[in-house]
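Visitor: For the sequence shown, the residue numbers in the working numbering are 17 to 378.
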Amino acid sequence: MTKRAYNFNAGPAALPLEVLKQAQEEFVDFAGAGMSIMEMSHRSAIYEQVHNDAQALLRELFGIPSNYKVLFLQGGASTQFAMIPMNLLTPDKVAAFVMTGSWADKAIKEAKLFGQTAVAASSAADKFNRIPDLSDLQIPDNAAYLHVTSNETIEGTQYSAFPETGDVTLIADMSSDILSRPVDVSKFGMIYAGAQKNLGPSGVTVVIVREDLIEQSPKSIATMLRYDTHASNNSLYNTPPSFSVYLMGLMLKWVQERGGVAATEQYNRDKTKLIYDTIDQSGGFYRGFADPSSRSLMNITFRIQTEELENQFAKESEQHGFIGLKGHRSVGGLRASTYNAVTLESCKALAEFMQDFQKRNG
Ligand SMILES: *Cc1c(COP(=O)(O)O)cnc(C)c1O
Numbered sequence: 017m018t019k020r021a022y023n024f025n026a027g028p029a030a031l032p033l034e035v036l037k038q039a040q041e042e043f044v045d046f047a048g049a050g051m052s053i054m055e056m057s058h059r060s061a062i063y064e065q066v067h068n069d070a071q072a073l074l075r076e077l078f079g080i081p082s083n084y085k086v087l088f089l090q091g092g093a094s095t096q097f098a099m100i101p102m103n104l105l106t107p108d109k110v111a112a113f114v115m116t117g118s119w120a121d122k123a124i125k126e127a128k129l130f131g132q133t134a135v136a137a138s139s140a141a142d143k144f145n146r147i148p149d150l151s152d153l154q155i156p157d158n159a160a161y162l163h164v165t166s167n168e169t170i171e172g173t174q175y176s177a178f179p180e181t182g183d184v185t186l187i188a189d190m191s192s193d194i195l196s197r198p199v200d201v202s203k204f205g206m207i208y209a210g211a212q213k214n215l216g217p218s219g220v221t222v223v224i225v226r227e228d229l230i231e232q233s234p235k236s237i238a239t240m241l242r243y244d245t246h247a248s249n250n251s252l253y254n255t256p257p258s259f260s261v262y263l264m265g266l267m268l269k270w271v272q273e274r275g276g277v278a279a280t281e282q283y284n285r286d287k288t289k290l291i292y293d294t295i296d297q298s299g300g301f302y303r304g305f306a307d308p309s310s311r312s313l314m315n316i317t318f319r320i321q322t323e324e325l326e327n328q329f330a331k332e333s334e335q336h337g338f339i340g341l342k343g344h345r346s347v348g349g350l351r352a353s354t355y356n357a358v359t360l361e362s363c364k365a366l367a368e369f370m371q372d373f374q375k376r377n378g
């Protein structure tokens with residue numbers, strides 16, 4: 017077999033080798049049908065089973081209560097930035113946000129196209145190196161919802177606990193940390209995520225939404241952009257991204273076989289500890305960007321003393337088989353994305369490479 021890269025891409029990201037191999041085995045002839053899953057009608061019994069199994073398994077693994085719908089949509093998490101206010105923000109209400117960085121900012125900007133917004137808390141003064149203090153949220157009385165970004169993929173920060181919002185609906189963009197740790201779904205009105213970081217390949221967006229919120233969709237908005245359209249048609253109103261849903265189903269089975277979400281969290285902690293420890297024990301050669309209290313288990317952001325050394329690190333790491341370690345162009349530095357499918361072996365190799373790089377350049 018060809019050598020697998022140490023893949024630290026931010027998204028699309030690493031998939032489990034076992035999943036890729038199974039997909040390869042079934043690629044040309046799925047379940048003895050004489051055709052690929054990609055060639056089948058989305059109304060066929062075989063596809064419907066794949067679709068419903070993926071839904072059921074996500075429900076089981078993530079503990080999704082029965083009064084929530086699980087939708088498989090297209091357009092990425094970015095389309096949800098618009099669909100949420102379109103469906104849930106009325107003219108008399110305000111969409112409130114916790115401003116944590118790049119992705120929260122995009123969500124706010126999009127909501128502004130549809131109605132009033134407010135920032136309930138922000139870590140802008142700290143250059144988004146942490147999740148702000150959530151004990152004193154400024155949520156307007158007429159808030160339609162409070163939107164949080166559970167993991168800021170670019171800055172490398174993550175909520176360790178979610179705010180108590182009382183009667184106000186809590187909505188979370190979990191694009192970069194869904195299924196990486198147990199979450200009490202019942203605290204949220206809605207959770208959404210593009211699949212390409214933690215759930216599978218690009219092309220499908222998972223939306224977990226409480227039934228009473230779905231009913232609020234105004235009848236005036238486009239059919240495809242209404243939650244009730246997809247909820248009442250089991251996400252089969254139009255052609256779904258069938259191959260992406262199938263691969264996501266394989267990835268969910270892989271998570272289940274490895275012990276579920278709690279076991280996945282432990283694995284993620286073990287993985288990231290290797291790299292954070294290397295940063296912390298480098299005597300200042302490496303500097304973590306995120307405040308330790310807000311460090312992400314999914315995206316480890318760090319810097320080296322000079323930009324020149326950072327460029328050299330990026331270049332040399334590639335020569336050693338590491339992919340995707342350059343930080344996002346908007347913040348610079350370095351970033352290792354350690355999503356569910358990234359192996360402990362990859363993280364160990366990276367920690368060793370970092371220690372060796374410091375020895376040679378420190
Ligand atoms: C990647 C990402 C997005 C954008 O997802 P798309 O599916 O590309 O639209 C949104 N929010 C967060 C937190 C992300 O990490």
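Here a beta-carbon is modelled for each residue, glycine too, at the ideal position from N, C-alpha and C.
With three or more beta-carbon pairs closer than 8 angstroms as the criterion, would you say the region 75–94 touches the region 270–287?
Guide: They touch, by the three-pair rule.
Visitor: Cutting at 8 angstroms between CB atoms, please list the residues of its own chain near residue 31, excluding the five before and the five after it.
Guide: Excluding positions up to five away in sequence, the list reads 216, 217, 263, 267, 357.
Visitor: Taking the beta carbon of residue 143 as the centre, do at least 16 other beta carbons fall within 10 Å, making it buried, or is it exposed?
Guide: By the neighbour-count rule (16 or more Cβ atoms within 10 Å), residue 143 is not buried but exposed.
Visitor: Under three-state DSSP, which class holds residue 142?
Guide: Note: residue 142 maps to helix in three-state DSSP.
Visitor: Check residue 186 in the structure and name its three-state DSSP category.
Guide: Looking at residue 186 - three-state DSSP - the assignment turns out to be strand.
Visitor: For residue 319, count the other beta carbons within 10 Å of its own beta carbon; 16 or more makes it buried, fewer makes it exposed. Which is it?
Guide: The residue in question, residue 319, is buried, as its Cβ has 16 or more Cβ neighbours within 10 Å.
Visitor: Does DSSP classify residue 58 as helix, strand or coil?
Guide: Of the three classes helix, strand and coil, the one that applies to residue 58 here is coil, per DSSP.
Visitor: Where does residue 336 land, buried or exposed, given buried means 16+ other C-beta within 10 angstroms?
Guide: Residue 336 should be labelled exposed.
Visitor: In terms of residues, what are the limits of the beta strand (DSSP E) holding residue 210?
Guide: That run of the beta strand (DSSP E) goes 206–210.
Visitor: What span of residues does the beta strand (DSSP E) with residue 304 cover, start to end?
Guide: Its beta strand (DSSP E) spans residues 302–304.
Visitor: Quick one: measure Cβ to Cβ for residue 136 and residue 120, integer angstroms, because I've assumed they're closer than 8 angstroms.
Guide: Residue 136 to residue 120, Cβ: 11 angstroms. No contact.
Visitor: Which residues bound the beta strand (DSSP E) around residue 353?
Guide: Counting along the chain, the beta strand (DSSP E) containing residue 353 begins and ends at 350–353.
Visitor: Using a Cβ-Cβ cutoff of less than 7 angstroms, which residues in the same chain neighbour residue 54 once the five nearest sequence positions on both sides are dropped?
Guide: Result list for residue 54: 258, 259, in chain order.
Visitor: Among the candidates 193, 197, 198, whose CA atom is the shortest distance from the CA of residue 208?
Guide: It is 193 whose Cα lies nearest to the Cα of residue 208.
Visitor: Taking buried to mean at least 16 other C-beta atoms within 10 Å of its own C-beta, is residue 43 buried or exposed?
Guide: Flag for residue 43 reads exposed.
Visitor: Given a threshold of 16 other Cβ atoms within 10 Å of its Cβ, counted over all protein chains shown, does residue 49 qualify as buried or as exposed?
Guide: So residue 49 ends up on the exposed side.
Visitor: Whole angstroms are fine: how far does the CA of residue 26 sit from the CA of residue 240?
Guide: Rounded to the nearest angstrom, the two C-alpha atoms are 29 angstroms apart.
Visitor: Return the first residue and the last residue of the alpha helix (DSSP H) that residue 290 is part of.
Guide: Start and end: 276–296.
Visitor: Closest to residue 186 by C-alpha separation, out of 141, 47, 52, 203, would be which residue?
Guide: For residue 186, the nearest C-alpha among the options comes from 203.
Visitor: Rounded to whole angstroms, what is the Cα-Cα separation between residue 359 and residue 34?
Guide: Between residue 359 and residue 34, the C-alpha separation is close to 12 angstroms.
Visitor: With a threshold of 7 angstroms (Cβ to nearest heavy atom), would residue 172 be considered close to ligand 1?
Guide: No, the Cβ of residue 172 stays beyond 7 angstroms of every heavy atom of ligand 1.
Visitor: Nearest CA to the CA of residue 36: which residue from 227, 269, 345?
Guide: Out of 227, 269, 345, 269 has the C-alpha closest to the C-alpha of residue 36.
Visitor: Along the chain, where does the beta strand (DSSP E) that runs through residue 246 open and close?
Guide: Not the beta strand (DSSP E): residue 246 falls in the alpha helix (DSSP H), residues 243–248.
Visitor: Assign residue 168 to one of three DSSP states: helix, strand, or coil.
Guide: It is a strand residue.
Visitor: Can you tell me which of 67, 375, 352, 272 puts its alpha carbon nearest to the alpha carbon of residue 306?
Guide: The candidate whose alpha carbon is nearest that of residue 306 is 352.
Visitor: Mind checking residue 299: buried by the 16 CB within 10 Å criterion, or exposed?
Guide: Classification for residue 299: exposed.
Visitor: Can you tell me which of the three DSSP states residue 376 falls into?
Guide: Helix at residue 376.
Visitor: Measure the alpha-carbon distance for residue 272 versus residue 242 and round it to whole angstroms.
Guide: If I take the Cα positions, the gap works out to 31 angstroms.
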